[in-house]
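Take the numbering used here: the final residue in the sequence shown is number 732, and no numbers are missing along the way. The beta carbon of each residue, even a glycine, is placed where N, CA and C say it ideally should be. Computed from a predicted structure; not experimentally measured. I have placed the structure first, in the form of structure tokens, so that the comments after it can refer back to it.
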Amino acid sequence: MAASARIESLIARMTVEEKVGQLGVFADMVRPFAPDVNPEANVRNADEVLAQVRAGRVGSLFNGVGAELGRRIQQVAVEESRLGIPVALAADVIHGMRTVFPIPLGEAASFEPALAERTARATAVEATAAGLHWTYAPAVDIARDQRWGRGAEGAGEDVVLGCAFAAARVRGFQGDDLTAHDALLATPKHFAAYGAVAAGMEYASVDIAPQTLRDVHLPPFQAAFAAGAISVMSAFNDINGVPASANRGLLTGILREEWGFDGVVISDYTADMELVAHGYAEDDRDATKKAFLAGLDLSMQSGFYAAHLPALVESGEVPMAALDEGVRRMLVLKERIGLLDDPYRSLDPEREADTGHLADHEALARDAARRSIVLLKNDDAVLPLKKREQRIALVGPFARDRENIEGCWTLFGDRSRYEPLEDGVRAALGEAAASLVVVPGCDLEAPVEGGIEAAVAAARDADVVVLALGEPQRYSGEAQSRIDIGLPPAQEALAEAVAATGTPVVVVLRNGRALALTGAVRDAQAILVTWYLGTRTGSAVADVLFGDYNPSARLPVSFPQATGQQPYFYNHPRTGRPELPTMSEFKARWREIPNEPLYPFGYGLSYTRFEYDAPRLGTTRLGWDDTLEIVTTVRNVGDVDGEEVVQLYIHDRVASRVRPVRELKAFEKVAIAAGGEVEVRFALHRDALAFTDADGVRRAEPGLFDLWVCANAKSGEPVSFELLASGVSAAP
Ligand code: GLC
């Protein structure tokens, strides 16, 4: 890579220790985000870190915030170290900073990438005001097994949806100018296939076909890079026996040689150290050598590069040129985010103190939250609720909860501004709130003395029960794989008792993954999926409960019938024995259930209804180099305005590798007034029909395709078209 003269001049003057220093990333103990915990240790640690910065041994610090102390760090780096190279200040700012937005999986349910771009932008404004240059986000892992806890951080099970949100979040975080004071460098993670861990178990091995790696798990990274990402974080897992963080085929072969990526690869936390535990490295020195030579530029937290790279260079096992190339990439990154020209950018205490953006960000948080809520069921139109003349009992451990508002990976949220469900419902009811009865009924995971009795009594006296249930937020995120993706038994017992009163029940779920719903929860009259919605949870849920917002989100992950179905995903192959309407014996299913979801990918209801005309194709014989025009009219046949997520799926009937029963290829969310209709247009080129074949070549194959334009992965009637071989005229 060619770098600027000043970078080459710096490299020429750097000692080996200073070069290695630029590749070291360490926890920011100067700005610990738990400053009140063990203050003496913090001061000692801060002095040690500042000494390392002064010695030119630190390239970047992470997970500290604060503009004032950030300036102190930068002052030591720029004015007290020998070469004055600024430090890049990073953090895990995943879905909000002080103002917290829905978890990424929740935002993906909106099927509005533009919304995610806006919340990422607002997050960047707040994060850079708090003295940060860089976030370790977006997580772009495709998660097909809901037992895994980190699906909460991504965009669900589908690659097209995943690509759209990966790109949107990168654009939002980074803005139009990476050197701007409010530009937050993005880092798509975890490279790669972390969402494919065996059995959904955290950190487990990934045994994956190269074609699945390329067609499902790699595209969101390509989308992130195309959107401007210039750094990427390596994953903990191995891929077919080679740990991702020392996988030369991945980090150099694919990333650099095939894709031409010229940015920086940063390890996940001690992922280089873990090569020894993987059984891939003999010892720390061997781990360092294997990671660095595979293409891992930066080492996070292990200290291995500082400890072993100088000797490896001295011995010639690591060429100096390779070390220089890693340093060059990191210095170019610092130059591209403006630090070499303005080391104190984003370190302005006055800007940090400015709360002028909070009102806008809270309004955005409320809108993003309500647009992420999925209505799964609404029997007898029990929703929307009335604000008058309706006795409402708000029951369940999440009625008043404030501790499980933010969702996983929220390190810096301003908890004083979190709005519990009850507060939102009371605000919506206004004076009528006096009649609202609130009964927790049980704890998150345990019964409480008299809780069920109180809940039953409240249910009996109510016209409707809003039952606020779900997963404690610690059930999702890192190292939170579950063997059972149901609700805690104490909550299920509460639901059964409340349902037995016969009062209609509206379940409001709080969840970080698709759940296996059972019993009274599954059979409730209405079900809302609300994920973790962040700062404005209460108002957002109330907006939907009372119809002030017509729910428009759709499932980014299939809700299974049972945990035992995992991994379940809509775009699965047919198998040689697909279940038939007329025959289920000796077919691809379970003894207890068909291999069908309880609620499919892309599914969600509205307070109105939409009807689709059959899609009209520009042709049924698509020339090899032509584009297929598709038009559909969608009607709002109900009596309230609403928004529909129009989804385009295809199925390649016969191919050199069996193809999924359906694949999402495009989607568009459209607002349709009551009684109105809109024409939705899509265009498909053969690139969208391509897949990686048995030889590892990505290509489309001529033949017949089914196509749906519909409301979810299980709805609609297909039309068909033929992709003609190259050179075959499309003329009839
Ligand atoms: C964690 C996570 C990664 C995060 C990093 C730094 O273990 O895997 O997503 O960015 O460490 O906190």
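Counting only residues of its own chain and dropping the five nearest sequence neighbours on each side, Ser481 has a CB closer than 6 Å to the CB of Arg147, Trp148, Gly149, Gly200, Met201 and Glu202. By the beta-carbon neighbour count (other beta carbons within 10 angstroms, threshold 16), His685 is exposed. DSSP places Arg510 in the uninterrupted beta strand (DSSP E) bounded by Val505 to Arg510.
Remark: the C-beta of Glu579 is outside contact range of the ligand GLC, defined as less than 7 Å to any heavy atom. Just measuring C-alpha positions, the residue of Gly604, Phe101 and Arg653 sitting nearest Arg574 is Arg653.
Distance check between Ile485 and each of Leu436, Ala562 and Asp639 places Ala562 closest, using alpha-carbon atoms only. Restricted to the stretch 535-586, the alpha helix (DSSP H) segments that are unbroken, complete and at least 4 residues in length are 537-545, listed in chain order.
For Asp182, same chain residues with a beta-carbon under 7 Å away, outside a window of 5 residues either side, are Ala124, Val125, Thr128 and Gly175 in chain order. When rounded, the separation of the alpha-carbon atoms in Gly477 and Gly512 is 8 Å.
Each residue's CA atom was taken as its position, placing Gly162 and His217 some 9 Å apart.
For Tyr269, the shortest C-beta to heavy atom distance toward the ligand GLC is below 7 Å. With a cutoff of 8 Å on beta-carbon distance, Gln211 and Arg657 are scored as near each other. Checking the DSSP bridge columns, you'll see Asp484 has no partner listed. With 16 or more other Cβ atoms from the protein chains shown falling within 10 Å of its own Cβ, Arg554 counts as buried. With a threshold of 16 other beta carbon atoms within 10 Å, Leu704 falls short and is exposed.
Judged by the Cβ position, Lys189 qualifies as a neighbour of the ligand GLC at the 7 Å threshold, a heavy atom of the ligand being closer than this. Where Ile672 is concerned, the enclosing beta strand (DSSP E) starts and stops at Glu663 to Ile672. Rounded to whole angstroms, the Cβ separation of Arg121 and Pro567 is 33 Å, and the two are not in contact under 8 Å.
Rounded to the nearest whole angstrom, the C-alpha separation of Leu515 and Asp141 is 19 Å. A distance below 6 Å between beta-carbons, with the five flanking residues on each side excluded, links Ala67 to the following residues of its chain, in chain order: Gly131, Leu347, Asp348, Pro349 and Glu352.
The three-state reading of DSSP puts Asp613 in coil, since its state is none of H, G, I, E or B. Per DSSP, the unbroken alpha helix (DSSP H) holding Tyr305 starts and ends at Phe304 to Glu314. With a cut-off of 7 Å, the C-beta of Phe26 is classified as distant from the ligand GLC, since no heavy atom of the ligand falls inside that distance.
The straight-line gap separating the alpha-carbon atoms of Ala307 and Ser715 is approximately 58 Å. In the structure shown, the three-state DSSP call for Asn45 is helix. When C-beta atoms of the stretch 575-587 are compared with those of the stretch 452-463, fewer than three pairs fall below 8 Å, so the two segments do not count as touching.
The Cβ neighbour count for Ser729, taken over all protein chains shown within 10 Å, is under 16; the residue is labelled exposed. Contiguous alpha helix (DSSP H) elements confined to the stretch 74-134 occur at 104-109 and 113-129, taking only those with 4 or more residues.
The residues Gly56, in chain order, have a CB closer than 6 Å to that of Glu18 in the same chain once the five nearest residues on each side in sequence are set aside. Here the alpha carbons of Leu444 and Arg391 stand approximately 25 Å from one another. In terms of Cβ geometry, Val645 and Lys669 form a close pair [threshold 8 Å]. Counting only the Cα atoms, Leu517 lies some 16 Å from Pro594. Taken through DSSP and simplified to helix, strand or coil, Arg591 comes out as coil. With a cutoff of 7 Å, Glu478 counts as near the ligand GLC, since its C-beta is closer than that to a heavy atom of the ligand.
Here Ser539 really is in contact with Arg366; their C-beta atoms are around 5 Å apart, less than 8 Å.
At a cut-off of 7 Å, the beta-carbon of Met273 does not count as near the ligand GLC: no heavy atom of the ligand is closer than that.
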